[in-house]
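Asker: Offset between the sequence shown (1-based) and the working numbering: plus 10.
Structure in structure tokens, see below.
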Amino acid sequence: MYHEDQDVWVGRQYGPYRITQHIGHGTVSNVYRAETPHGEEVALKVLTPFAEARAEVRALFEQEYELMARLDHPLVLRVFGAGVIGGVHYMEMELFEGETLWDLMNSRRPPSLATRISAVQQMCAALDHVHERRVVHRDVKPSNILLDGERASLFDFGLAFDMDGPPSPAGRVYGSPMYLSPEQALAGEVDARTDIYGLGATLYTAVVGSAPFYGERNDLLHAHVKEAPPDPRRRGVSAALAEVILRAMEKDPADRFAGGADFAAALATVDLTTAERASRKGLLRRLAGRR
11 MYHEDQDVWV
21 GRQYGPYRIT
31 QHIGHGTVSN
41 VYRAETPHGE
51 EVALKVLTPF
61 AEARAEVRAL
71 FEQEYELMAR
81 LDHPLVLRVF
91 GAGVIGGVHY
101 MEMELFEGET
111 LWDLMNSRRP
121 PSLATRISAV
131 QQMCAALDHV
141 HERRVVHRDV
151 KPSNILLDGE
161 RASLFDFGLA
171 FDMDGPPSPA
181 GRVYGSPMYL
191 SPEQALAGEV
201 DARTDIYGLG
211 ATLYTAVVGS
221 APFYGERNDL
231 LHAHVKEAPP
241 DPRRRGVSAA
251 LAEVILRAME
261 KDPADRFAGG
271 ADFAAALATV
281 DLTTAERASR
291 KGLLRRLAGR
301 R
């Protein structure tokens, strides 16, 4: 199934699926557009040879499917099945015609501030469903949110945690360093509020244009635990919106929003006109500073 040039598989058969396009890749997997025997288009996520050779990665991949199979929400990418073909683990998923929030933010025509905030509000609803099903995503970030027009979708549950399952291995840090919560950085216990922090850091990135913290991995872990995020108001974020962001990113989980509904309700009180005006002023100041 694999080759240095992934496009070589376009037009070939993989079990019952006909591969039509290589559409993406991650650290341990590749994603293909494929057709089922019934002519339906789906996305196939398949492990790379390196990942397939590692028992821990295979176990996480199988768990990802099991946890995603619990979920049934229009703002969460759907999974239809999983298995092994030719010694390779695969997962059949919904084909979402869109791009990640991260890619769109870095495109020539990034989405409006209102669209970016709307995407985060939708993720509040998605995460409430995920948490109701006893799952913690543990890797909420702009590159794990798909956007097609105004509709957003949460995906990539490769690091998700089963709240009803065994604890994670002691001392292991799970998550993306730029977006993980203080408790993740300390390899501590996680719950729904862990994802609230990740979504807060995502909102920070979406409205400021850069992540709250940068640096090497250990520097990032330290920053999430010990340092306050740079004040968003200094980057053209309105006071009301900055307050929501910083509440979501509180160091103590008890000081964050309890869940997505509370987060979304706070965002709904933000005056978008004021937020847009502050954003434009901030952009003009940054452009003037480059001259």
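In this text, a Cβ means the ideal position worked out from N, Cα and C, and glycines have one as well.
Between Gly25 and Ile95, what straight-line distance do the alpha-carbon atoms span, to the nearest angstrom?
Answerer: Indexing the sequence shown from 1 puts residue 25 at position 15. Indexing the sequence shown from 1 puts residue 95 at position 85. So the two alpha carbons sit approximately 6 Å from each other.
Asker: Specify, as a first and last residue, the run of the alpha helix (DSSP H) that Lys55 falls within.
Answerer: Here residue 55 corresponds to residue number 45 of the sequence shown, with the count starting at 1. It is not in any alpha helix (DSSP H) - Lys55 instead sits in the beta strand (DSSP E) that spans Glu51 to Leu57.
Asker: Pull up the DSSP beta-bridge partners for Asn40, would you.
Answerer: Here residue 40 refers to the residue found at position 30 of the sequence shown. Its beta-bridge partners are His35 and Val56.
Asker: For Glu237, is the classification buried or exposed, using 16 other Cβ atoms within 10 angstroms of its Cβ as the cut-off for buried?
Answerer: To locate residue 237, count along the sequence shown from 1; it is residue 227. Burial call: exposed.
Asker: With H, G and I counted as helix, E and B as strand and the rest as coil, what does DSSP make of Ser178?
Answerer: Position 168 of the sequence shown holds residue 178. If DSSP states are grouped into helix, strand and coil, Ser178 belongs with coil.
Asker: Going by DSSP, what residue range makes up the alpha helix (DSSP H) through Val235?
Answerer: Residue 235 sits at position 225 when you count from the first residue of the sequence shown. That run of the alpha helix (DSSP H) goes Arg227 to Lys236.
Asker: What residue range does the alpha helix (DSSP H) around His141 cover?
Answerer: Sequence index remark: in the sequence shown, residue 141 carries index 131 (1-based). Per DSSP, His141 belongs to the alpha helix (DSSP H) from Leu123 to Glu142.
Asker: Determine whether the beta carbon atoms of Val146 and Thr212 lie at a separation below 8 Å.
Answerer: Translated into positions along the sequence shown, residue 146 becomes position 136. Translated into positions along the sequence shown, residue 212 becomes position 202. Going by C-beta atoms, Val146 is not nearer than 8 Å to Thr212.
Asker: State buried or exposed for Thr284, treating a residue as buried only when at least 16 other CB atoms are found within 10 Å of its CB.
Answerer: In the sequence shown, counting from the first residue as 1, residue 284 sits at position 274. With fewer than 16 other Cβ atoms within 10 Å, it is exposed.
Asker: Taking contact to mean at least 3 C-beta pairs separated by less than 8 Å, is the stretch 85-92 in contact with the stretch 26-44?
Answerer: No, the stretch 85-92 is not in contact with the stretch 26-44.
Asker: Residues in the same chain with beta-carbon distance under 6 Å from Arg22, minus the five sequence neighbours each way, listed in chain order, please.
Answerer: Reading the sequence shown from its first residue, position 12 is the one you call residue 22. Result list for Arg22: Ile29, in chain order.
Asker: Just how far apart, CA to CA, sit Glu253 and Leu277?
Answerer: By 1-based counting over the sequence shown, the position of residue 253 is 243. By 1-based counting over the sequence shown, the position of residue 277 is 267. Taking the straight line from one Cα to the other gives about 10 Å.
Asker: Just verifying my parser: in three-state terms, what is the DSSP assignment at Leu157?
Answerer: Working through the sequence shown from its first residue, we reach residue 157 at position 147. Strand.
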